[in-house]
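See structure below.
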Amino acid sequence: MLISSFLTYLQNEKRYSPHTIQSYKTDLIQFKDFLQANFELEVTVVQTQHVRSFIVDLLDHKISENAIGRKISTLRSFYKHLLREKEVKVNPMLLIKAPKVPKRLPVFIEEVKMDSLLDNAENFEDGFSGQRDKMVLELLFGTGVRLAELLQVKENDIDFYEGTIKVLGKRNKERIIPLHGELIKQLKAYLALKSIENFNNKSTTLIVTNTGASAYPKLIYRIVNRYLTLISTQDKKSPHVLRHSFASSLLNRGADLNAIKELLGHASLAATQVYTHNSVERLKSIYKQAHPKA
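With the numbering used here, letter number 277 in the sequence shown gets 286, and the count goes up by one each step, no holes.
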């Protein structure tokens, strides 16, 4: 009951996405099951040592530091909520520290490789599915939108007169992203092709399946993985890699970090600053190759 009430709070008050709420639910049920199996305790009588036992159990099961950090963050939010609601008197999370997570640089595809993929018409079939696939890649790389944001874009979210696209980001925050001229032309051509397809139920969602239904996450993952395999041997080939590629390309071309932050829809500049590390590594590589004393 307490978990359900907390999840409702996240949905109605915090306006978290369904995906985020599902993650919270999974973490909390796992914690509740652990308490029952090992201590026969309810979540309202938990003490710090019980949380530490939970973390040790996760480590024993080889759960990654990132995943453990997320679960600890979930529990912190949960017990802060219970404290406000007077369901607990003491917050058992106060002395809990998350394990240190090694910093990882964002994985991205070099701009020249993306150009070679997108500029070669032979990589894409002439029919609707091929042009839809190209549109997915162009939008992810050309705007830096998240997967969830791309799936929600409607046809009328595109303003051809202003040359912009409206997306709904995390916590239902809207933002406007400019579109470059070539992408605008490609969008018009894609929409014209979509309009003449004989779909039984024509969706107003911008990206659709071969039958005209709204696209879904696995479809986008398959599209991205399929085409990035043509130009990259790296293991990670996800929609988020193209978001990283968008940000890295802008930074390498001298874009202001605050502007990149707004385009990506980051809540704080700290989330955007991770891309500067890639830029520094690139400068080091150029220096080593070009400087006579390097």
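Even for Gly, the Cβ is constructed at its ideal location relative to N, Cα and C. Just so it is clear, the structure is predicted and the values come from calculations on it, not from any experiment.
Contact belief for residue i with residue j at Cβ below 8 Å, rounded distance in angstroms
i	j	result
residue 78	residue 115	At roughly 18 Å, the Cβ-Cβ gap does not stay under 8 Å, so residue 78 and residue 115 are not in contact.
residue 229	residue 144	That belief does not hold up - the Cβ atoms of residue 229 and residue 144 are roughly 11 Å apart, past 8 Å.
residue 110	residue 75	6 Å
residue 206	residue 117	Between residue 117 and residue 206 the Cβ distance is about 33 Å, and since that is not below 8 Å, they are no contact.
residue 178	residue 263	Not confirmed; about 25 Å, so no contact.
residue 212	residue 204	Actually they are not in contact, since the Cβ atoms of residue 212 and residue 204 sit about 12 Å apart, beyond 8 Å.
Range of the contiguous beta strand (DSSP E) that encloses residue i
i	result
residue 183	183 to 187
C-beta atoms of residue i and residue j nearer than 9 Å
i	j	result
residue 140	residue 199	yes
residue 159	residue 176	yes
residue 163	residue 214	yes
residue 11	residue 53	yes
residue 65	residue 101	no
residue 48	residue 80	no
residue 149	residue 233	yes
residue 25	residue 180	yes
residue 14	residue 134	no
residue 266	residue 184	no
residue 220	residue 209	yes
residue 28	residue 157	yes
residue 50	residue 30	no
First and last residue of the uninterrupted alpha helix (DSSP H) at residue i
i	result
residue 176	Counting along the chain, residue 176 falls outside any alpha helix (DSSP H), though it belongs to the beta strand (DSSP E) covering 173 to 177.
residue 132	Unbroken run through residue 132: none, as it is neither H nor E.
residue 61	57 to 69
residue 205	190 to 205
residue 249	248 to 261
residue 87	74 to 93
residue 103	Here residue 103 belongs to no alpha helix (DSSP H), and DSSP marks it neither H nor E.
residue 231	226 to 237
residue 48	Premise fails: residue 48 is in no alpha helix (DSSP H) and is neither H nor E.
residue 156	156 to 161
residue 142	137 to 152
residue 281	278 to 281
residue 170	First-last for residue 170: undefined, no H or E at that position.
Exposure of residue i, with buried meaning 16 or more beta-carbon neighbours within 10 Å
i	result
residue 269	buried
residue 142	buried
residue 248	buried
residue 225	exposed
residue 97	buried
residue 169	exposed
residue 147	buried
residue 310	Because the chain is modelled from 10 through 303, residue 310 falls outside the range shown and cannot be assessed.
residue 44	buried
residue 278	exposed
residue 68	exposed
residue 285	exposed
residue 246	buried
Contact test: residue i Cβ vs the ligand ADP heavy atom, cutoff 8 Å
i	result
residue 135	What this structure holds is no ligand at all, so the ligand ADP is not there to describe.
Exercise. Is there contact between the region 188 to 203 and the region 235 to 247, where contact requires at least three CB pairs shorter than 8 Å?
Worked result: no
Exercise. Are the region 151 to 168 and the region 246 to 259 in contact at 8 Å, needing three or more beta carbon pairs?
Worked result: Result yes; three or more Cβ-Cβ pairs closer than 8 Å.
Exercise. For the 8 Å Cβ check, are there 3 or more pairs between the region 252 to 272 and the region 124 to 132?
Worked result: no
Exercise. Should the region 82 to 89 be regarded as contacting the region 33 to 52, the criterion being three or more beta carbon pairs within less than 8 Å?
Worked result: yes
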